[in-house]
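Asker: Once you've had a glance at the structure underneath, I'll fire off some questions.
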Amino acid sequence: MATLFMNIHGKVALITGSAKRIGRAIAVELGRRGARVGIHYWSSEREAQETLKMLQEAGADGALFQTELTNTLAVEQMFRDIAARFGSLDILVNSAAVFSPSTAEQTTPDQWDHQMNSNAKAAFFTAQQAATLMVNRGQGKIINLADVAGEVIWPAYFAYSVSKAALIAVNRGLAKAYAPHIQVNAIAPGPILFPEHYTEDQKKSAIERTLLKRQGSLQDIVSAVIFLIENDYITGELIHVDGGRHLL
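Be aware that the sequence shown starts at 9, since it is given in our numbering, and climbs by one per residue.
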């Protein structure tokens with residue numbers, strides 16, 4: 009029986025939201041392992057250029073793709089550009105997301121749409137387009153960055169939590185839709201990088217709500233991504249990299 013084991017070296021990867029933070033760390037590590045990397049961004053052009061420079065310094069082949077992911081026509085064009093630049097696609101990591109507070113009472117229609125469109129709709133249609141290129145290879149890996157909030161629903165981040173719950177459902181549905189050749193999985197990070205608006209008390213509280221009582225690192229998420237790319241028998245899974253937060 010043919011194996012779907014994927015050697016990252018020489019593969020083409022697109023990382024959405026890879027101008028900074030977790031997306032950047034994933035993009036740079038894949039580049040170091042020999043992948044040809046598409047760096048997606050929307051408004052963070054300076055940071056995206058920095059990510060590209062880091063890839064080039066590592067001897068990796070990278071290219072920038074500026075796209076508003078909630079615009080499905082723009083997403084279709086991005087994948088035409090990816091095909092023109094790299095020829096195909098093997099790996100998609102949906103890292104782009106928005107995160108803003110709103111309780112159930114405070115959430116406005118605009119806030120609801122912004123969170124749902126950015127965190128669930130964009131990931132779905134990006135994966136849909138990625139799959140059209142992956143079928144040419146006969147294999148592919150799609151990894152969605154979800155959140156434990158999608159399972160426990162944070163009252164202070166109601167719309168965000170629901171959008172991540174939708175993403176978890178999208179992840180499962182795509183795994184069914186694209187089997188057996190494309191594996192689709194999700195990662196739920198815990199307290200890795202805190203939002204800029206978090207106070208020190210909020211950071212301490214987030215850490216205390218983990219079983220391990222400490223903050224995770226970017227490498228924890230990157231390692232999980234590498235594992236899911238290289239493994240050949242996991243699909244439809246949600247892997248918690250949250251220090252046990254989802255158990256509390």
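From the three backbone atoms N, C-alpha and C, an ideal C-beta is built for every residue, glycine too. Since the model is a prediction, treat every value here as computed from it, not as a measurement.
Would Leu-219 be called buried (16 or more neighbouring beta carbons within 10 Å of its own) or exposed?
Answerer: What you label residue 219 is simply residue 211 of the sequence shown in a count that begins at 1. That one is exposed.
Asker: Report, in whole angstroms, the separation of the C-beta atoms of Met-86 and Phe-73, which I expect to be a contact under 8 angstroms.
Answerer: Taking the first residue of the sequence shown as position 1, residue 86 is located at position 78. Taking the first residue of the sequence shown as position 1, residue 73 is located at position 65. About 5 angstroms; that satisfies the 8 angstroms criterion.
Asker: Grouping DSSP H, G and I as helix and E and B as strand, with all else coil, what is Ser-52?
Answerer: The residue given as residue 52 occupies position 44 in the sequence shown. Reduced to three states, the DSSP call for Ser-52 is coil.
Asker: In whole angstroms, give me the CA-to-CA distance for Ala-66 and Arg-88.
Answerer: For the purposes of this step, residue 66 is taken as residue 58 along the sequence shown, with counting starting at 1. For the purposes of this step, residue 88 is taken as residue 80 along the sequence shown, with counting starting at 1. Whole-angstrom Cα-Cα distance: 26 angstroms.
Asker: Can you give me the C-alpha to C-alpha distance between Asp-250 and Ser-213, rounded to a whole angstrom?
Answerer: Position 242 of the sequence shown, counting from 1, holds the residue named residue 250. Position 205 of the sequence shown, counting from 1, holds the residue named residue 213. Each residue's alpha carbon lies about 14 angstroms from the other.
Asker: On the CB-based measure, 16 or more other CB atoms within 10 Å of its CB, does Ala-21 come out buried or exposed?
Answerer: Numbered from 1 along the sequence shown, position 13 holds the residue referred to as residue 21. Burial call: buried.
Asker: Going by DSSP, what residue range makes up the alpha helix (DSSP H) through Lys-184?
Answerer: Here the question's residue 184 lines up with position 176 in the sequence shown. Looking at the DSSP string, the run of the alpha helix (DSSP H) that includes Lys-184 is 166-186.
Asker: Work out the CA separation of Gln-147 and Thr-243 for me, nearest whole Å.
Answerer: By 1-based counting over the sequence shown, the position of residue 243 is 235. By 1-based counting over the sequence shown, the position of residue 147 is 139. Approximately 13 angstroms between the Cα atoms of the pair.
Asker: Out of Trp-162, Ile-237, His-189, Glu-238, which one is the CA nearest neighbour of Leu-256?
Answerer: Taking the first residue of the sequence shown as 1, we reach residue 256 at position 248. Measuring from the Cα of Leu-256, the nearest candidate turns out to be Trp-162.
Asker: Near Glu-189, which residues of its chain fall below 8 angstroms by C-beta distance, leaving aside the five closest residues on each side in sequence?
Answerer: Mapped onto the sequence shown, residue 189 falls at position 181. Strictly speaking, residue 189 in this sequence is His, with Glu absent from that position. Result list for His-189: Leu-12, Met-142, Val-143, Gly-146, Gln-147, Gly-148, in chain order.
Asker: Using beta-carbon positions only, say whether Glu-26 and Ile-34 come within less than 8 angstroms of one another.
Answerer: Here residue 26 refers to the residue found at position 18 when the sequence shown is read from its first residue. Here residue 34 refers to the residue found at position 26 when the sequence shown is read from its first residue. Correcting the residue type first, residue 26 is Ser in the shown sequence and not Glu. The answer is yes: Cβ separation under 8 angstroms.
Asker: Could you have a look at Ala-21 and say whether DSSP puts it in helix, strand or coil?
Answerer: Position 13 of the sequence shown, counted from the start, is the residue given in the question as residue 21. Strand.
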